[in-house]
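Written out below as structure tokens is the structure these notes cover.
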Amino acid sequence: MTKTAAAAPGFWDVVFSLKTFAAAMLALWIALTFDLPNPYWAVGAVYIVAHPLSGATTSKAVYRLIGTVVGGIACVVMVPNLIDAPELLTLALTLWMGGCLVVSLLDRSPRSYAFMLAGYTAALTSFALVSAPQTAFDYAVGRVEEIAIGIVCAALVSRLVFPRHAGPVLAARIDAWLRDGSRLALESLRGDGGTPAALADRRRLAADAVDLNAFTTHIAYDTSALRDIVPPLRILQRRMVALLPLVSGITDLIAARVRADGDAGAAGMTARGHWPAEVQALIAETCAWLESGSELTEDRRAVLLARLEAVEASEREGMQWDGLLALNFAARIRDLVQVWSDCIDLRGEIASGARRPLRWRRYDAKVENRPMHRDWGMALMSGLSVALATCLTTAFWIATGWPQGGGAAMMAGIFCCLFATMDDPVPVMKKFCWLLLPMIGAAFVFEFAVMPLVDGFLPLALILGLFLVPAGILLAIPSRFLIGMVLCVNLPYMLMLQSRATYDLGSFLNSNLATVVGIVAAACVTSLVRSVGAEWSARRLVRAGWTDIVAAADLARPGDRAAAFDALLYRMLDRFGLLAPRLAAIPAGSDVAGTDLVRDLRNGLNIIDLRAHRDALPREAGDAVEAALAAAGAYYSALAGHKAATETTERASSLLTALDDALETVLATGGSPAATRVRLALVSLRCTLFPEAPPFHGPEPMPLLKAA
223 MTKTAAAAPG FWDVVFSLKT FAAAMLALWI ALTFDLPNPY WAVGAVYIVA
273 HPLSGATTSK AVYRLIGTVV GGIACVVMVP NLIDAPELLT LALTLWMGGC
323 LVVSLLDRSP RSYAFMLAGY TAALTSFALV SAPQTAFDYA VGRVEEIAIG
373 IVCAALVSRL VFPRHAGPVL AARIDAWLRD GSRLALESLR GDGGTPAALA
423 DRRRLAADAV DLNAFTTHIA YDTSALRDIV PPLRILQRRM VALLPLVSGI
473 TDLIAARVRA DGDAGAAGMT ARGHWPAEVQ ALIAETCAWL ESGSELTEDR
523 RAVLLARLEA VEASEREGMQ WDGLLALNFA ARIRDLVQVW SDCIDLRGEI
573 ASGARRPLRW RRYDAKVENR PMHRDWGMAL MSGLSVALAT CLTTAFWIAT
623 GWPQGGGAAM MAGIFCCLFA TMDDPVPVMK KFCWLLLPMI GAAFVFEFAV
673 MPLVDGFLPL ALILGLFLVP AGILLAIPSR FLIGMVLCVN LPYMLMLQSR
723 ATYDLGSFLN SNLATVVGIV AAACVTSLVR SVGAEWSARR LVRAGWTDIV
773 AAADLARPGD RAAAFDALLY RMLDRFGLLA PRLAAIPAGS DVAGTDLVRD
823 LRNGLNIIDL RAHRDALPRE AGDAVEAALA AAGAYYSALA GHKAATETTE
873 RASSLLTALD DALETVLATG GSPAATRVRL ALVSLRCTLF PEAPPFHGPE
923 PMPLLKAA
């Protein structure tokens with residue numbers, strides 16, 4: 223699809239705009255009827271929470287209402303008590319805004335909107351009350367009422383008038399993900415998983431799987447029927463993210479087998495020819511099932527199990543590298559079949575509601591709150607930028623005695639909050655400011671040329687519709703969302719729609735100038751305090767993943783294996799979703815451009831396996847595995863700590879030796895379940911970390927004793 227086609231409005235975009243405008247006019251009519259002080263806040267609230275999906279509109283409305291109420295309470299507490307000490311009031315407001323923003327950035331779920339809104343709602347309300355602190359309670363209540371009216375109108379119209387439920391959108395997204403995931407698995411099994419296109423597919427699928435978590439939150443606010451699918455949807459998302467390290471591991475095992483055969487140039491379908499006949503039959507059967515897209519029937523399951531058992535039987539006694547690779551490959555295919563079968567079954571369960579037993583139980587911990595990446599450093603720097611921008615503009619306001627200076631301080635803090643999730647928000651702030659300038663001109667024409675001719679609510683609605691309906695269509699188009707938000711939210715605020723028009727040119731110019739000054743101040747402070755590049759952020763994400771692996775190597779409690787697996791899986795896949803869009807903006811020559819976080823994720827999971835099964839091994843084997851864990855922790859610690867290249871190389875060499883020693887010792891202990899899991903993990907680590915190393919040579923068979 224071309225960019226032009228993606229940006230062209232569709233039928234449902236027009237319906238969304240008309241519905242949103244109707245909700246905005248309903249909110250305006252109610253606010254005017256009850257003579258609320260600032261009815262335009264009700265109109266703005268409608269456009270701020272508007273979303274094409276009714277469930278998303280409801281969830282945004284709930285979080286915005288909560289944030290508005292909490293911000294209003296903070297205003298009532300701070301302003302009357304600190305009005306006689308402007309410095310303390312400014313400090314309290316900036317600390318409140320900065321603290322709420324830090325919590326919002328660390329939360330990173332849809333509910334984080336409530337935290338951010340609680341912060342800047344306090345500023346919106348407090349700075350307007352400096353000259354009349356005795357009205358703090360009434361003003362805060364009026365603000366909450368106006369925003370609540372807008373929120374309720376938006377939610378009701380979205381749900382009652384041609385509602386667009388998340389179900390069809392969700393089904394389409396799941397089907398697309400499963401289709402692309404199947405293609406990726408087939409590419410990996412056929413030897414094409416190491417191509418740049420396959421790596422890009424893994425990045426995109428990781429980002430889509432992580433994004434499904436936020437989408438699930440919106441579904442919880444949709445119809446009751448959709449709310450029932452939330453549990454299987456969360457399980458499906460877990461299977462989705464578990465699939466990615468599996469296909470990546472299969473790719474590495476195929477590459478290792480090709481290198482072991484001395485044919486590093488082989489690729490594509492020729493990779494299958496490097497496996498024994500039993501493995502080739504297993505690959506063919508698995509590919510045929512994946513291509514069919516059907517459920518795993520008992521007959522097909524029996525065939526696949528027979529293929530797996532044939533591979534394991536033929537290689538079970540082998541202690542050399544080829545046999546170990548084949549056993550690992552069969553184990554990964556077993557996991558792939560189980561995970562993919564669960565994905566197909568869960569998709570059917572979401573569609574029909576019929577519960578089905580799941581097959582993949584490895585590490586299947588019940589983690590409700592999926593751990594996510596939290597960047598404390600950037601969160602604190604963002605909070606500091608909000609506080610600093612607000613303090614500087616407040617000082618300018620006090621020093622100049624500018625009547626509308628409070629508006630500049632208010633807007634500086636708000637814009638620092640709104641764009642705090644970006645690496646470098648300054649370009650967007652500049653774009654917003656340039657878009658705002660023609661908006662001021664349009665608002666001037668409306669205010670002083672058109673509005674004096676309007677008499678009555680219906681003519682007012684018709685005049686506003688000529689502007690807001692076309693602008694509202696842009697809100698439904700992701701690539702035009704920013705323009706739509708600037709137009710739809712700012713026009714009602716600039717016109718200051720009230721029951722009694724004032725047509726005060728001085729107030730109009732000062733208030734809009736304050737907005738521009740606030741945006742400029744926010745851009746300047748942000749550029750100095752927290753603007754970073756995509757490469758810088760990507761490097762931090764990669765280093766955070768390495769630090770997690772070091773922690774996994776030091777994990778002391780084997781009973782926490784399932785929880786540790788899930789924590790590492792979701793945190794690193796979450797980082798992968800954050801990293802994927804940044805990699806597109808990084809120069810090809812950067813040291814992080816070719817980073818594969820899924821590979822690091824697999825290493826972390828294998829390290830957890832080693833830690834979990836180490837105590838079940840005989841003493842000598844357990845000590846060897848412990849040495850390998852220590853070497854792995856030291857290696858990743860060197861990567862995360864910017865150690866010199868020579869030191870990192872030395873630790874890598876020590877790790878390879880430790881892995882080979884542990885593998886040789888474990889192979890000598892026999893085929894217990896613990897030894898099997900440890901062997902699989904050691905072979906996987908060796909393939910992933912040292913793909914160019916010479917093949918592992920197992921222990922030589924014991925010589926036969928000659929008769930005396």
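If you use the working numbering, the sequence shown corresponds to residues 223 to 930, in order.
Glycine is no exception: its CB is placed at the ideal position from the N, C-alpha and C atoms.
Source: prediction; values computed, not measured.
| Check | Outcome |
| --- | --- |
| With distances taken Cα to Cα, identify the nearest neighbour of phenylalanine 912 among Ala896, Tyr857, Ser894 and Lys865. | Tyr857 |
| Rounding to the nearest angstrom, what Cα-Cα distance links cysteine 565 and valine 708 in this structure? | 41 Å |
| Since aspartate 822 is in the alpha helix (DSSP H), which residue starts that stretch and which ends it? | 819-835 |
| Taking the alpha-carbon positions, what's the leucine 926 to threonine 891 distance? | Caution applies to leucine 926, whose pLDDT of 34 falls short of 50 and renders its modelled position unreliable; the value that the coordinates give is listed next. The alpha-carbon atoms of leucine 926 and threonine 891 are separated by roughly 20 Å. |
| Whole angstroms are fine: how far does the CA of alanine 621 sit from the CA of leucine 304? | 19 Å |
| Out of Pro809, Glu848, Ala766 and Cys909, which has the shortest C-alpha to C-alpha gap to alanine 775? | Glu848 |
| Inspect the beta-carbon positions of methionine 462 and tryptophan 562 and report whether they are closer than 8 Å. | no |
| Report the three-state DSSP secondary structure of methionine 718 (helix, strand or coil). | coil |
| If you draw a straight line from the C-alpha of alanine 838 to the C-alpha of isoleucine 830, how long is it? | 14 Å |
| Could you check what DSSP says for leucine 686 in three-state terms: helix, strand or coil? | helix |
| Going by C-alpha distance, which of Ser536, Leu658 and Leu468 is nearest proline 498? | Ser536 |
| Using only the alpha-carbon positions, how far apart do arginine 405 and arginine 424 sit? | 11 Å |
| Mind checking which residues open and close the alpha helix (DSSP H) that includes tryptophan 624? | Premise fails: tryptophan 624 is in no alpha helix (DSSP H) and is neither H nor E. |
| If we ignore side chains and look at the alpha-carbon of each, how far apart do arginine 937 and phenylalanine 551 end up? | The displayed coordinates of the chain run from 223 to 930. Any statement about residue 937 would go beyond what the structure contains. |
| Would you tell me roughly how many angstroms separate the C-alpha atoms of valine 237 and tyrosine 269, rounded to the nearest one? | 14 Å |
| Note down, in chain order, each residue of its chain lying with its Cβ closer than 8 Å to the Cβ of threonine 226, except the 5 sequence neighbours on either side. | The predicted model places threonine 226 with a pLDDT of 44, which falls under 50 and marks its position as unreliable; any figure quoted below should be read in that light. Counting only Cβ-Cβ distances below 8 Å, and skipping sequence neighbours, we find nothing. |
| Using the beta-carbon count (16 or more within 10 Å), is proline 453 buried or exposed? | exposed |
| Distance, Cα to Cα, glycine 495 vs proline 649? | Any reading at glycine 495 needs caution, since the residue's pLDDT is 49, under 50, leaving its predicted position unreliable; the model's value is listed next. Using only the alpha carbons, I get a separation of about 53 Å. |
| Which same chain residues, not among the five before or five after serine 348, have their C-beta less than 7 Å away from its C-beta? | Cys297, Met300, Val301 and Leu315 |
| Would you call the stretch 818-830 in contact with the stretch 873-882, where contact means no fewer than 3 C-beta pairs closer than 8 Å? | no |
| Helix, strand or coil: which one does DSSP assign to serine 353? | coil |
| Which residues bound the alpha helix (DSSP H) around proline 453? | 452-482 |
| For leucine 427 and glycine 403, which I take to be in contact (beta-carbon distance under 8 Å), what is that distance rounded to the nearest angstrom? | 6 Å |
| Please classify glutamate 409: does DSSP put it in a helix, a strand, or coil? | helix |
| Run through the stretch 531-574 for me and flag every whole alpha helix (DSSP H) of 4 or more residues, listed as ranges in chain order. | 543-574 |
| Return the residue from the list Gly372, Tyr342, His273 and Phe233 that minimises the CA-CA distance to methionine 247. | Gly372 |
| Report the CB separation of leucine 832 from valine 900 in whole angstroms; it is logged as a contact under 8 Å. | 6 Å |
| In whole angstroms, what separates the C-alpha of proline 231 from that of proline 332? | 26 Å |
| Per DSSP, what kind of secondary structure is isoleucine 396 in: helix, strand or coil? | helix |
| Can you tell which of Ile555, Gln542, Gln560 and Leu549 has the C-alpha that lies nearest to the C-alpha of glutamate 520? | Gln560 |
| Return the Cβ separation of threonine 748 and cysteine 638 in integer angstroms, given the expectation that the two are a contact with Cβ distance under 8 Å. | 6 Å |
| Please return the same chain residues whose Cβ sits closer than 6 Å to the Cβ of threonine 242, not counting the five positions on each side in sequence. | Ala272 and Gly694 |
| Under 8 Å, Cβ to Cβ, is there at least one residue of chain C near tyrosine 857? | In the structure shown, chain C does not exist; there is a single protein chain. |
| Quick one: Cα of leucine 851 to Cα of arginine 479, how far? | 25 Å |
| Taking all protein chains shown into account, do 16 or more other C-beta atoms lie within 10 angstroms of the C-beta of arginine 460, making it buried, or fewer, making it exposed? | buried |
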